[in-house]
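The next block holds one structure in the form of structure tokens; read it before the comments.
Numbering (the working numbering), first residue to last: 2 to 185.
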């Protein structure tokens, strides 16, 4: 049996192109596509971490349209995916929803290499652990150090077999690849 796995798309604290800590905006595509990946790979929750209430309300309007609104009838399969979306104000709120920080394991993803990363193969062998797992995905230019400091492990960057010198996947692609490598 595999462990409970949830994902979080973090909009704060993240970095901008000058390494300043910022808040990024919710995008409709991210709401949809990460929910679909989460549902496909059996994730229990999809947290959208955003400190601004208006952005969390936007997520609620999008998910309502697809779970109970007119599109729930037009494309019923999508309602099951979007029902996983849970907007929360902070990482601490996501941790609390999963039983508290001490009760879960938290991993991060990043496009940058760092010391102490675990490979996807190592991560896959850890999927039988009993503690729930929350995998953080950063928006903008990636997770700020304060978010990375909450993590128990950091997954290796996703890259091509033959490096191209360019590594800036959309978070939607990175999430799908990560979940496939760990749960596929």
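The beta-carbon is built from N, C-alpha and C at its ideal position, and this holds for glycine as well.
By DSSP's criteria, residue 119 is part of a beta bridge. Which residues make up the other side?
As a first step, residue 119 is located in the chain shown; it is residue number 118 there, counting from the start. 156.
Of the residues 72, 33, 28, 105, which one's Cα is nearest the Cα of residue 7?
As a working mapping, residue 7 is identified with position 6 in the chain shown. When each option's Cα is compared against that of residue 7, the closest is 105.
Please confirm whether residue 39 and residue 176 have their CB atoms less than 9 Å apart.
As a working mapping, residue 39 is identified with position 38 in the chain shown. As a working mapping, residue 176 is identified with position 175 in the chain shown. Against a cut-off of 9 Å, the Cβ pair of residue 176 and residue 39 comes out as a contact.
Would you identify the three-state DSSP class for residue 77, choosing helix, strand or coil?
Translated into the one-based positions of the chain shown, residue 77 becomes position 76. Residue 77: helix per DSSP, three-state reduction.
What did DSSP end up calling residue 173 once you bin it into helix, strand or coil?
The residue you call residue 173 lines up with position 172 of the chain shown. Reduced to three states, the DSSP call for residue 173 is helix.
Among 81, 185, 143, 183, which has the Cα closest to the Cα of residue 168?
As a first step, residue 168 must be located in the chain shown, where it is residue number 167. Checked all of 81, 185, 143, 183; the closest Cα to residue 168 is 143.
Return the first residue and the last residue of the alpha helix (DSSP H) that residue 37 is part of.
Here residue 37 corresponds to residue number 36 of the chain shown, with the count starting at 1. Note, residue 37: alpha helix (DSSP H), 29-41.
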